[in-house]
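Undergrad: Quick one: the structure is below, questions incoming.
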Amino acid sequence: MSQLEQTWADKPGLFGALATVNHKRVATRYIVTTLVFFVLAGALAIIMRTQLVHSGNDLVGPDAYNQLFSMHGSAMMFLFAVPVMEAVALYLLPLMLGTRTVPFPRLNAYGYWLFLFGGLMSFTVFFLNIGPEAGWFSYVPLAGPEYSPGKRQDFWAQLITFTEVAGLIGAVQIIVMVFKMRAPGMTLSRMPMFAWAMMVTAFMIVFAMPSVMLASTFLITDRLVSTQFFNPAEGGDVLLWQHMFWFFGHPEVYIIFVPALGMVSEILPAFTRRRVVGYLGLVIALVTIAFLSFGLWVHHMFTTGLPPLGMSFFTAASIMIALPTGLQIFCWIATIATGQPVRFATPILFVIGFFFIFIIGGMTGIMLGATTVDQQLHDTYFVVAHLHYVLIGGAVFPLFGGFYYWFPKMSGKQLSETLGRWNFWLFFIGFNVAFFPMHILGLEGMPRRVYTYLPANGWDGLNLLATLGSYMIAASVIVFVLNVARTLLKAARAADNPWGASGLEWATTSPPPDYNFAEIPVVASRSPLWEKDFPVAVVTGLPESVPSVLVTRLHDAVPDHVGLMPEHSIWPLLAALATTVLFIGTVFSPWALIWGSVPVGITLIGWFWPTREETEKHRAVEIQPDEADKRLTTLSEVMS
Amino acid sequence: MNTPTTLDVSRLPTYAFHHRSLMWWGTAGMIVIEGTLFAIGLVAYFYLRGLAQHWPLSAPPPDLLYGTMTTILLLISGIPNHIAAKAGLRQDLRAVRIWMVICVLFAAVIQLTRAYEFTALNTHWSRNAYGSIVFALLVLHTVHLVTDFVDTIVLTVLMYTGPLDGRRFVDVAENAGYWWFVIAAWLPIYFTLYLVPRLFD
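First to last, the protein sequences are chains A and P.
Heads up, the first sequence is in our numbering, so the first residue is 810 and it goes up one at a time.
Heads up, the second sequence is in our numbering, so the first residue is 36 and it goes up one at a time.
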């Protein structure tokens, strides 16, 4: 084993597995965990659809149904959609940017553990009949102490705390990594589109998630220690909840969808054999979407009696989002039109499915953005149809395309194309069969979140159709799981770059070694692997006795210094356990905030406190900033 | 693939200060997140105030004494923190040790005045929405105050006992920087909790 391998390798056995800070190992767990939650939340949807298969069905009662749709929505949003995008980024970005790990590997492990424990808590209490019951947005007063007694909503509030802390940790990793850890020569304008998309997403997370954390804290204190934030009788206000929730909740939609846009911009070039058209326009569109997304939360509140002038503003802002989104779609169409004939492999099928479904979802979005239409359709199945068209079409389809595209990178094996086609067509047809009828049901006035309906409503036929569609989606997901299992067990090794793609992530072996790149490449192009002279140069002289990365300058990625990274540690796991005790403790007693913070403090100190061995290793390779006066002058010198 | 030339980085420093370091960016990220948290808390305060006929709701404003003491002490504590950060930048271990102890002492006294502040709010979180938001803002800031107090103690002890390498000086600078955020975040909260009810209501 070479020195480099030894330095980056995990300790063997169970301890090694628990103490690992390897970004690929942590991110792989993260992805698998989110997919398990996706399957569980999807199973809840199947139960709901089965309940609605005909009028007057009594498979589940109203109380169980409330928990089913609340848990389905909460889990899909907080335990699947946002974290899966971050998890994919935490795997791929270091490879795409040409570095060896994430900027804070231990914090990364802590974030994952916290996410896992939060998710386990939520599903455990759900199976104990303590699942959330007031919808994924938990409106007060329904979710408040008076109308939701018991602990159901308290656990929901803590689900938010767990997942948002984990989400924020991921966001900081992504921002710092994109800013400071790009391979030499990868200026901002040479960055992969997925990195741009994730950076924009991370900024949205940073500004949006604090709002929902504070709101859910207000909710839990209203319920536990009788604060009066949302109690109108004591000067509180129920709409304060809606404002705080949707100030987060609307950007949340784009937090899910923008990473998917980045994936599409990565997948398309590989199959059209050309760079994506309109790189600058695509970047500007992403940034514009991010800004606009913070200015339209009130379109979720059009029926709350806000002033008409305000509503006009939010209508305009909502409809404006069509401009940057449309720009992106035209760029992609131009990429397909001007590239070489497309090879219809599974990733590209999912991208084309995304175009079709997402555009329909965007159209109904423009309809709902108009106050007058929204007031008619609010809380009907039309909204259910719209949100699934944008979220499944806009995020899950590109995500599945991404899985097929990057699976060889992660595993070294290629998923079966035959099963991939079954996966796609079952999903695509099943999705439309399930959700298109919901537009009509909504127009006919079927309200969402009802556990049954009457025969006289005449909604039986379309509901039956929707339920059949949902079974097709379930079948499609089963095909996907089988495909993954079969490939991991049986398939032969794939080539390192099976799609002939241009991104840096394909410059190393598949799966990559623990240290990602034996030699960090120097980049001189936006599509480095398609250049004849790749790599222009490789980095040498990074210490091999300690995990180290190259830290580069923000704008031009000129090498600045060597970052010495922490080694594996069990403390992040212990700190996450202590934090879990604190968070769950506060569901039962506010004093848990006090006594629960003691173990958290102890574990954090243990985490921070350097060991003598590690310090010695670092001192052995240490070069102080003022010693290093012979800084590299310019990158161009090396590259010429 | 050509035989590539090499970019030798073996003479680059293994740590760096300020915005060159990853730790600075990580801390900046935390500050932005927590700054957003404070900002939204303040917006909630003014939102509730906008709905009320009288403000504060059935209570006199919080007593000025302890809150003002905290504010003045916090502002003065910026000085030893600044000096400690500069000492960190010079990698002057002796000065770092001395000034960090002074920072800890300041922070300790501020914990006391903060504790007294809670006794002088003239309301309770369960009385009405005004009491709730006043307590929320003060607790939110206190969490930061306590966390950074403990952080500073731990780092100070480490600077005395070791094991030390150069990157600990970066930690010293970042720790002081974070304390500046704790000060900066307090000023609008002080203004809102103590002065807004007196000046504008």
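Think of the CB as a built atom: it goes at the ideal place given N, C-alpha and C, for glycine as much as any other residue.
Just to confirm the assignment, what range does the alpha helix (DSSP H) spanning alanine 1385/A have?
TA: Residue numbering aside, residue 1385/A sits at position 576 when the first sequence is read from its first letter. Segment 1380–1397, the alpha helix (DSSP H) holding alanine 1385/A.
Undergrad: Output the distance between the C-alpha atoms of methionine 36/P and aspartate 1342/A, rounded to the nearest integer angstrom.
TA: Numbered from 1 along the second sequence, position 1 holds the residue referred to as residue 36/P. Numbered from 1 along the first sequence, position 533 holds the residue referred to as residue 1342/A. Its pLDDT being 46, under 50, methionine 36/P is placed unreliably in this model, and the coordinates cannot settle the point.
Undergrad: State whether the segment 1101–1118 of chain A contacts the segment 1056–1065 of chain A, with contact taken as three or more CB pairs (one from each stretch) at a distance under 8 Å.
TA: yes
Undergrad: From the DSSP secondary-structure annotation, give me the bridge partner or partners of aspartate 98/P.
TA: As a position in the second sequence, residue 98/P is number 63, starting the count at 1. In the DSSP output, where bridge partners are listed per residue, aspartate 98/P has none listed.
Undergrad: Just confirm the distance between the C-beta atoms of valine 1015/A and valine 67/P, as a whole number of angstroms; I'd bet it's less than 8 Å.
TA: Working through the first sequence from its first residue, we reach residue 1015/A at position 206. Working through the second sequence from its first residue, we reach residue 67/P at position 32. Rounded to whole angstroms, the Cβ separation of valine 1015/A and valine 67/P is 6 Å, and the two are in contact under 8 Å.
Undergrad: Please confirm whether glycine 64/P has its beta-carbon closer than 9 Å to some beta-carbon of chain A.
TA: Locating residue 64/P in the second sequence gives position 29, where the first residue counts as 1. Answer yes: the Cβ-Cβ gap between glycine 64/P and chain A drops below 9 Å somewhere.
Undergrad: Chain P partners of isoleucine 1432/A, CB-CB under 9 Å?
TA: As a working note, residue 1432/A is residue 623 in the first sequence. Within chain P, the residues near isoleucine 1432/A are Ser45, Arg46, Leu47, Pro48, Thr49, Tyr50, Gly201.
Undergrad: Under 7 Å Cβ-Cβ, which residues of chain P neighbour glutamate 1314/A?
TA: Taking the first sequence and counting its residues from 1, the one referred to as residue 1314/A is at position 505. None at all; the shortest Cβ gap to chain P is about 17 Å.
Undergrad: Evaluate valine 835/A with the Cβ neighbour count: other Cβ atoms within 10 Å of its Cβ, from every protein chain shown; 16 or more gives buried, anything less gives exposed.
TA: Indexing the first sequence from 1 puts residue 835/A at position 26. Counting Cβ neighbours within 10 Å, valine 835/A comes out buried, since at least 16 surround it.
Undergrad: Tell me the DSSP secondary structure of aspartate 1438/A in three-state form.
TA: Translated into positions along the first sequence, residue 1438/A becomes position 629. Since pLDDT at aspartate 1438/A reaches only 48, below the 50 mark, its modelled position is unreliable, and no value is offered.
Undergrad: Comparing alpha-carbon positions, which option in Phe1123/A, Ile856/A, Tyr839/A, Pro1256/A lies nearest valine 891/A?
TA: The residue labelled residue 891/A in the question sits at position 82 within the first sequence. The candidate whose alpha carbon is nearest that of valine 891/A is Tyr839/A.
Undergrad: Just to confirm the assignment, what range does the beta strand (DSSP E) spanning histidine 53/P have?
TA: As a position in the second sequence, residue 53/P is number 18, starting the count at 1. Histidine 53/P -> no beta strand (DSSP E), and no H or E assigned at all.
Undergrad: So, helix, strand or coil for serine 1354/A, using DSSP?
TA: Here the question's residue 1354/A lines up with position 545 in the first sequence. The answer is coil: DSSP assigns serine 1354/A none of H, G, I, E or B.
Undergrad: Check each candidate in Ser879/A, Thr1030/A, Phe1027/A, Thr1349/A and name the one with the smallest Cα separation from proline 1368/A.
TA: Residue 1368/A sits at position 559 when you count from the first residue of the first sequence. Here the closest residue by C-alpha is Thr1349/A.
Undergrad: Does any residue of chain A bring its CB to less than 9 Å from the CB of tryptophan 214/P?
TA: Taking the first residue of the second sequence as position 1, residue 214/P is located at position 179. Not an interface residue.
Undergrad: Pull up the DSSP beta-bridge partners for arginine 1302/A, would you.
TA: In the first sequence, residue 1302/A corresponds to position 493, counting from 1. The beta-bridge partner set that DSSP reports for arginine 1302/A consists of Lys1222/A.
Undergrad: Would you call isoleucine 1064/A buried or exposed, if buried means 16 or more other Cβ atoms sit within 10 Å of its Cβ?
TA: The residue given as residue 1064/A occupies position 255 in the first sequence. With 16 or more other Cβ atoms within 10 Å, it is buried.
Undergrad: Taking only beta-carbon atoms, is glycine 1045/A less than 9 Å away from chain P?
TA: Position 236 of the first sequence holds residue 1045/A. Yes, because at least one Cβ of chain P sits closer than 9 Å to the Cβ of glycine 1045/A.
Undergrad: Between which two residues does the alpha helix (DSSP H) holding glycine 882/A run?
TA: In the first sequence, counting from the first residue as 1, residue 882/A sits at position 73. Start and end: 871–883.
Undergrad: Using a Cβ-Cβ cutoff of less than 7 Å, which residues in the same chain neighbour glycine 920/A once the five nearest sequence positions on both sides are dropped?
TA: Against the first sequence, residue 920/A aligns to sequence position 111. Ala975, Ile978, Gly979.
Undergrad: Please list, in chain order, the residues of the segment 1181–1192 of chain A that have any C-beta partner in chain P closer than 9 Å.
TA: none
Undergrad: Please list, in chain order, all residues of the same chain as valine 177/P whose beta carbon is under 7 Å from its beta carbon, the five residues on each side excluded.
TA: Counting from 1 along the second sequence, the entry for residue 177/P is found at position 142. Correcting the residue identity first, residue 177/P is threonine in this sequence and not valine. Correct list, in chain order: Arg149.
Undergrad: If methionine 1247/A sits next to valine 1199/A, beta carbons under 8 Å apart, how far is it from one beta carbon to the other, in whole angstroms?
TA: For the purposes of this step, residue 1247/A is taken as residue 438 along the first sequence, with counting starting at 1. For the purposes of this step, residue 1199/A is taken as residue 390 along the first sequence, with counting starting at 1. That belief does not hold up - the Cβ atoms of methionine 1247/A and valine 1199/A are roughly 13 Å apart, past 8 Å.
Undergrad: So, with DSSP's three-state summary, where would you put proline 48/P?
TA: Here residue 48/P corresponds to residue number 13 of the second sequence, with the count starting at 1. Proline 48/P: coil per DSSP, three-state reduction.
Undergrad: Using the three-state DSSP reduction, which class does valine 911/A fall into: helix, strand or coil?
TA: In the first sequence, the residue the question calls residue 911/A occupies position 102. Three-state DSSP puts valine 911/A in coil, outside helix and strand.
Undergrad: What does alanine 1346/A pair with, by DSSP beta-bridge criteria?
TA: Taking the first sequence and counting its residues from 1, one reaches residue 1346/A at position 537. BP columns for alanine 1346/A point to Val1331/A, Thr40/P.
Undergrad: To the nearest angstrom, report how far apart leucine 1158/A and valine 1242/A are at their CA atoms.
TA: Residue numbering aside, residue 1158/A sits at position 349 when the first sequence is read from its first letter. Residue numbering aside, residue 1242/A sits at position 433 when the first sequence is read from its first letter. Rounded to whole angstroms, leucine 1158/A to valine 1242/A spans 18 Å at the Cα level.
Undergrad: If we define contact as Cβ-Cβ less than 9 Å, is leucine 228/P a contact residue for chain A?
TA: Here residue 228/P is taken as the residue at index 193 of the second sequence, counted from 1. Closer than 9 Å: no.
Undergrad: Check whether the segment 1379–1388 of chain A touches the segment 912–930 of chain A, counting contact only when three or more Cβ pairs, one atom from each stretch, lie closer than 8 Å.
TA: yes
Undergrad: At 8 Å on the CB atoms, spell out the chain P contacts of methionine 1053/A, in chain order.
TA: Residue 1053/A sits at position 244 when you count from the first residue of the first sequence. Those within 8 Å of methionine 1053/A in chain P are Ile75, Ala79.
Undergrad: Using beta-carbon positions only, say whether phenylalanine 1027/A and alanine 171/P come within less than 9 Å of one another.
TA: Here residue 1027/A corresponds to residue number 218 of the first sequence, with the count starting at 1. Here residue 171/P corresponds to residue number 136 of the second sequence, with the count starting at 1. Yes, these two residues count as a Cβ contact at 9 Å.
Undergrad: With a cut-off of 8 Å on the beta carbons, I'd call arginine 1335/A and arginine 999/A a contact; round off their distance for me.
TA: In the first sequence, counting from the first residue as 1, residue 1335/A sits at position 526. In the first sequence, counting from the first residue as 1, residue 999/A sits at position 190. Confirmed, about 5 Å.
Undergrad: Arginine 1230/A to glycine 1170/A, Cα distance in whole Å?
TA: Counted from its first residue, the first sequence places residue 1230/A at position 421. Counted from its first residue, the first sequence places residue 1170/A at position 361. Approximately 23 Å between the Cα atoms of the pair.
Undergrad: Candidates Gln1433/A, Lys1426/A, Thr1420/A, Gly1394/A: which alpha carbon is nearest phenylalanine 971/A's?
TA: In the first sequence, the residue the question calls residue 971/A occupies position 162. Closest by alpha carbon: Gly1394/A.
Undergrad: At the 9 Å Cβ level, is glycine 123/P part of the contact set with chain A, yes or no?
TA: Counting from one through the second sequence, the residue named residue 123/P turns up at place 88. No, glycine 123/P does not count as interfacial toward chain A.
Undergrad: Which one of Ile1414/A, Thr1388/A, Met810/A, Pro1344/A has the shortest CA to CA distance from glutamine 967/A?
TA: Within the first sequence, the letter at position 158 stands for residue 967/A. Among Ile1414/A, Thr1388/A, Met810/A, Pro1344/A, the Cα nearest to that of glutamine 967/A belongs to Thr1388/A.
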